[in-house]
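What follows is a single structure, written as structure tokens, with notes after it.
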Amino acid sequence: MTSPDRVHRGALLAAVLFAALPWVGCRKMSELIEDESVGMNGGFEHARDGVPVNWLVYNSETVKEGGDFDIILDTKDFKEGRQSLKFLIRECSAIGGWHSPGIAREYPALSGETYLISLWVKGEGSAYLVRIGGVDAWNGDYETVDSFDPASDGWKLVEYEFTTPGEYETIRFELNALSPGSLWVDDVRIELVDQGSSGRPTSGSQNRSDRRPAYTM
Ligand SMILES: [Ca+2]
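Residues in the sequence shown are numbered consecutively from 63, following our numbering.
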């Protein structure tokens with residue numbers, strides 16, 4: 063399959079596989095702290111040592127291009143619960159993925175299923191990119207969920223429908239900050255809204271507050 067967004071996935075797989083391994087003298091490609099008891103943690107309410115659990119995090123410990131940035135839990139500016147995730151960027155790479163500050167998650171999916179991806183996001187100066195894609199060990203076909211809009215003012219709710227391409231059994235959500243400024247994100251949800259031929263139950267409501275998440279992990 064050809065796509066302008068198609069990327070090689072080998073290094074992405076390595077980021078997942080190596081995230082939990084101890085490294086001496088080498089830089090990890092992402093940081094991952096897992097806790098099944100807190101589910102997806104799309105609202106970033108659960109963290110350890112300042113790192114949101116159950117997310118792959120591209121932070122100052124892992125981004126090999128370096129840069130100068132902080133990823134922090136903001137208890138003063140949020141849309142859900144008690145805190146949001148804030149990227150405070152003074153300098154960073156604009157490449158994206160594990161080269162830039164960001165977060166990512168992968169979920170099992172079935173061909174033809176349609177998901178509603180939704181999140182609250184707020185950008186102040188910092189360019190950013192939110193993507194969803196079907197992925198396998200080596201490749202990914204991504205679609206843009208949202209990107210920085212200079213005219214946007216304050217928090218905005220982003221909703222985007224995505225149907226799993228035929229050959230993929232995993233979907234990947236990824237958000238990157240790409241330039242100096244500030245970026246906040248909160249209440250990320252990935253909900254199954256059309257089962258296609260998979261037969262799995264959908265979230266079953268047009269009201270966001272009533273919909274069920276597609277996955278708890
Ligand atoms: Ca929250």
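Glycine included, each C-beta is placed from N, C-alpha and C at the ideal position.
query                                                                                                                                                              : result
Quick one: measure Cβ to Cβ for residue 241 and residue 180, integer angstroms, because I've assumed they're closer than 8 Å.                                      : Going by Cβ atoms, the distance from residue 241 to residue 180 rounds to 24 Å, so no, they are not a contact pair.
Taking the alpha-carbon positions, what's the residue 159 to residue 92 distance?                                                                                  : 10 Å
So, residue 175 versus residue 232, is the Cβ gap smaller than 8 Å?                                                                                                : no
Return the residue from the list 165, 215, 107, 104 that minimises the CA-CA distance to residue 192.                                                              : 165
Once DSSP output is grouped into helix, strand and coil, what is the label at residue 142?                                                                         : coil
Closer than 7 Å is what we want: which residues have a beta carbon that near any heavy atom of ligand 1? List them in chain order.                                 : 105, 106, 107, 140, 141, 142, 143, 144, 145, 146, 248, 249
By the 10 Å Cβ neighbour count, where 16 or more other Cβ atoms means buried, how is residue 236 classified, buried or exposed?                                    : buried
Judging by CA-CA distance, which residue of 153, 108, 115, 154 is the nearest neighbour of residue 145?                                                            : 108
Start and end of the beta strand (DSSP E) containing residue 192?                                                                                                  : 190-197
Roughly how many whole angstroms lie between the Cα atoms of residue 216 and residue 229?                                                                          : 38 Å
Residues in its own chain within less than 8 Å of residue 136 by CB, not counting five upstream and five downstream?                                               : 145, 146, 147, 148, 246
With burial defined as no fewer than 16 other Cβ atoms inside 10 Å of the residue's Cβ, what is the status of residue 162: buried or exposed?                      : buried
According to DSSP, simplified to helix, strand and coil, what is residue 125?                                                                                      : coil
Would you kindly check if the distance between the Cβ of residue 252 and the Cβ of residue 177 is under 8 Å?                                                       : yes
Between the Cα of residue 121 and the Cα atoms of 197, 133, 220, 111, which residue gives the shortest distance?                                                   : 133
Using a Cβ-Cβ cut-off of 6 Å (strictly less than) and excluding sequence neighbours within five positions of residue 185, which residues of its own chain qualify? : 210, 245
According to DSSP, what are the bridge partners of residue 169?                                                                                                    : 233
Measure from the alpha carbon of residue 199 to the alpha carbon of each residue in 168, 99, 102, then state which is nearest.                                     : 168
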